[in-house]
Amino acid sequence: MTDSTKALGIEYHRIAMHLNLLEKDATHPLDFKVEASNTSPSMVLRAGQGLRSAHSDVSLGYELMRQVMMEALRARLSELDEKLVGTEGGNKPIEKLQYGDQTEA
């Protein structure tokens, strides 16, 4: 297994564990950080909360953001599946995977 295949396999397993966690716990907090910004703090969105636009009263609720996150995770898993075809990278069952750091911000 090459280093790049190993890195893709690690990414695959992290995403699979994140998706599994969101699917099993409908209230699991969502952690966000603004990309390409070293100064913005992490934001944690919990059930019952939402994101409101600073310019209008439009908001994105927790459930919508949870669904968007799960679809994004599924899409990335699909991409990685294609890249890892024929390797051992994506073939571990979920029970064999280790959870990463699950602390909240």
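Quick note on the numbering used here: the sequence shown kicks off at 393 and runs consecutively. Idealized CB from N, CA, C, for every residue including glycine. Here the structure is a predicted model, which is why all the values come from computation and not from measurement.
- Taking C-alpha positions only, Gln441 is separated from Met461 by approximately 15 Å.
- Contact check for Met457 against Leu437 passes: the beta carbons are separated by less than 8 Å.
- Inclusion of Leu411 and His420 in the CB contact set at 8 Å is not warranted, their separation being larger than that value.
- Spanning the alpha carbons of Thr397 and Glu455 requires a straight line of approximately 34 Å.
- Nearest neighbour of Ile407 by Cα position, chosen from Pro433, Glu463 and Glu427, turns out to be Glu463.
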